[in-house]
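S.K.:
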Amino acid sequence: MKNTTPITILGEVILPGQSKTIDMEIAKLHNTAKLKIPIIIQRSKIDGPTVLFSAGIHGDEINGVEIVRQLITKKINKPKRGTIICIPIINMFGFINMSRQFPDGRDLNRVFPGSKKGSLASRFAYHILTEIMPLVDYAVDFHAGGASRFNAPQIRLAPNSPELKELADVFNAPFTLFSKNIAGSFRNSSQKLNVKMLLFEGGKSLDINESIADAGVDGVKRVLAHLEMLDPKHLVKEQASKTIYIEKSGWIRAKCSGLLHDQNTIGSFVKKGTILAIITDPFGKFERKIKAPNDGYIINANLSPIVYQGDAIYHISKTLEK
Numbered sequence: 332m333k334n335t336t337p338i339t340i341l342g343e344v345i346l347p348g349q350s351k352t353i354d355m356e357i358a359k360l361h362n363t364a365k366l367k368i369p370i371i372i373q374r375s376k377i378d379g380p381t382v383l384f385s386a387g388i389h390g391d392e393i394n395g396v397e398i399v400r401q402l403i404t405k406k407i408n409k410p411k412r413g414t415i416i417c418i419p420i421i422n423m424f425g426f427i428n429m430s431r432q433f434p435d436g437r438d439l440n441r442v443f444p445g446s447k448k449g450s451l452a453s454r455f456a457y458h459i460l461t462e463i464m465p466l467v468d469y470a471v472d473f474h475a476g477g478a479s480r481f482n483a484p485q486i487r488l489a490p491n492s493p494e495l496k497e498l499a500d501v502f503n504a505p506f507t508l509f510s511k512n513i514a515g516s517f518r519n520s521s522q523k524l525n526v527k528m529l530l531f532e533g534g535k536s537l538d539i540n541e542s543i544a545d546a547g548v549d550g551v552k553r554v555l556a557h558l559e560m561l562d563p564k565h566l567v568k569e570q571a572s573k574t575i576y577i578e579k580s581g582w583i584r585a586k587c588s589g590l591l592h593d594q595n596t597i598g599s600f601v602k603k604g605t606i607l608a609i610i611t612d613p614f615g616k617f618e619r620k621i622k623a624p625n626d627g628y629i630i631n632a633n634l635s636p637i638v639y640q641g642d643a644i645y646h647i648s649k650t651l652e653k
């Protein structure tokens with residue numbers, strides 16, 4: 332069915348069949364230079380859903396930025412029907428500074444729904460939620476692990492959400508975790524607007540990993556094909572196996588400080604007692620093995636070469652949901 336309805340974002344009108352990049356300018360840098368956050372919109376002339384792909388809500392999580400960049404450069408964001416909105420970098424301040432936070436020290440992903448007259452981060456949250464999200468039906472927000480922690484590619488969704496679970500099945504990342512919405516998060520506020528949002532986690536901060544980017548891009552293509560929005564020229568790569576749902580998981584913490592020698596088990600299924608890493612001191616006096624406390628999948632690994640007692644070093648699944 333032909334679409335004749337225009338949409339408006341930040342005062343700019345985008346007609347069906349039109350493509351437009353809108354620069355969101357909420358504040359300038361401290362040297363008065365303008366700071367623009369590009370919002371890339373592609374619309375089909377055929378009616379359909381509106382899908383958002385966003386990344387960089389934490390400025391140092393550039394693997395997600397790379398995924399959204401690929402969607403644009405490969406023209407995957409050009410829909411057969413409906414509208415696709417891409418925001419490769421939401422937190423441009425943090426991206427410039429290679430920092431997770433906003434300049435005001437706040438985590439943007441904890442201040443939603445924001446305030447028109449609040450802190451800098453709060454104002455950004457407010458404009459995203461009021462200008463963009465009311466138009467959106469589906470969304471995927473891309474993240475990476477922080478503080479040297481490398482996430483195996485995974486989708487996170489709130490429990491007891493049948494529609495999101497169906498979408499996660501379609502995305503078919505290697506892992507899918509049930510994770511409650513956090514107060515103040517982008518995902519939590521989007522859900523209240525009835526936006527069906529998946530959160531993708533993969534890789535670590537300040538890093539671009541090719542296999543993680545491939546998992547993200549392939550998942551997006553499967554979702555768009557499911558929504559009948561993917562241009563037929565884009566081949567959909569089907570996964571050989573279905574996503575592994577993880578209902579419960581826990582952190583393994585370092586029992587001593589020292590140098591961490593990782594045994595490269597990220598993404599693997601390990602048996603109880605498997606050696607995941609060895610912690611040593613710099614002077615050759617001790618070596619302490621870190622063993623898996625139970626059978627499970629290693630879905631996150633701390634790749635920092637130096638750890639302190641109590642540091643979270645591995646995230647392992649405890650029970651699986653079929």
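Counting from 332, one number per residue, gives the positions in the sequence shown under the working numbering.
Where is the CB? At the ideal position from N, CA and C, for every residue including glycine.
None of the values given here were measured: they were computed from a predicted structure.
(1) Are the beta-carbon atoms of isoleucine 371 and isoleucine 403 separated by less than 8 Å?
(2) Looking only at its own chain, which residues have a Cβ that is under 6 Å from the Cβ of lysine 653, when we skip the five neighbours before and after it?
(3) If distances are taken between C-alpha atoms only, which option among Gln349, Ala556 and Lys367 comes closest to isoleucine 418?
(4) Could you tell me which of Pro369, Asp468 and Pro434 sits nearest to leucine 360, measuring between CA atoms?
(5) Within a Cβ cutoff of 7 Å, which residues of the same chain sit near valine 344, ignoring the five residues on either side of it in sequence?
(6) Across which residues does DSSP place glutamate 618 in a beta bridge pair?
(7) Quick one: what's got a C-beta closer than 6 Å to asparagine 408's C-beta in the same chain, skipping five residues either side?
(8) Along the chain, where does the beta strand (DSSP E) that runs through methionine 355 open and close?
(9) Kindly provide the ranges of any alpha helix (DSSP H) runs that are 4 or more residues long and lie completely inside the segment 540-620, ordered along the chain.
(10) Tell me whether glycine 395 sits in a helix, a strand or coil according to DSSP, three-state version.
(11) For tyrosine 469, write down the residues that DSSP places opposite it in a beta bridge.
(12) Between which two residues does the beta strand (DSSP E) containing phenylalanine 443 stretch?
(13) Roughly how far, in whole angstroms, is the beta-carbon of asparagine 440 from the beta-carbon of asparagine 631, given that I think they are within contact range, below 8 Å?
(14) Assign methionine 355 to one of two classes, buried (16 or more other C-beta atoms within 10 Å of its C-beta) or exposed (fewer than that).
(15) Between the alpha carbons of aspartate 626 and isoleucine 647, how many angstroms are there, rounded?
(16) Is phenylalanine 433 helix, strand or coil by DSSP?
M.R.: Here's the rundown:
(1) Sequence index remark: in the sequence shown, residue 371 carries index 40 (1-based). Sequence index remark: in the sequence shown, residue 403 carries index 72 (1-based). Yes. Within cutoff.
(2) Here residue 653 corresponds to residue number 322 of the sequence shown, with the count starting at 1. With a pLDDT of 42 at lysine 653, under the threshold of 50, the modelled position of that residue is not reliable, and no figure is offered here.
(3) By 1-based counting over the sequence shown, the position of residue 418 is 87. Looking at the Cα atoms, Lys367 is the closest of the given residues.
(4) The sequence position of residue 360 within the sequence shown is 29, counting from 1. Measuring from the Cα of leucine 360, the nearest candidate turns out to be Pro434.
(5) In the sequence shown, residue 344 corresponds to position 13, counting from 1. Hits under 7 Å: Pro337.
(6) Your numbering for residue 618 matches position 287 in the sequence shown. Paired residue(s): Thr611.
(7) Position 77 of the sequence shown, counted from the start, is the residue given in the question as residue 408. So the list reads Gln373, Leu402, Ile415 and Cys417, once near-sequence residues are dropped.
(8) Numbered from its first residue, the sequence shown carries residue 355 at position 24. Where methionine 355 is concerned, the enclosing beta strand (DSSP E) stretches over 350-355.
(9) 541-557
(10) What you label residue 395 is simply residue 64 of the sequence shown in a count that begins at 1. It is helical.
(11) Translated into the one-based positions of the sequence shown, residue 469 becomes position 138. According to DSSP, which records beta bridges pairwise, tyrosine 469 is partnered with Val382 and Lys527.
(12) Along the sequence shown, one-based indexing puts residue 443 at 112. Segment: none, phenylalanine 443 is in no beta strand (DSSP E) and carries neither H nor E.
(13) Position 109 of the sequence shown, counted from the start, is the residue given in the question as residue 440. Position 300 of the sequence shown, counted from the start, is the residue given in the question as residue 631. Contact doesn't hold; Cβ gap of about 18 Å is too wide.
(14) Working through the sequence shown from its first residue, we reach residue 355 at position 24. With 16 or more Cβ atoms within 10 Å of its Cβ, methionine 355 is classed as buried.
(15) One-based indexing of the sequence shown puts residue 626 at position 295. One-based indexing of the sequence shown puts residue 647 at position 316. Near 8 Å, if we compare the C-alpha coordinates of isoleucine 647 and aspartate 626.
(16) Within the sequence shown, the letter at position 102 stands for residue 433. Of the three classes helix, strand and coil, the one that applies to phenylalanine 433 here is coil, per DSSP.
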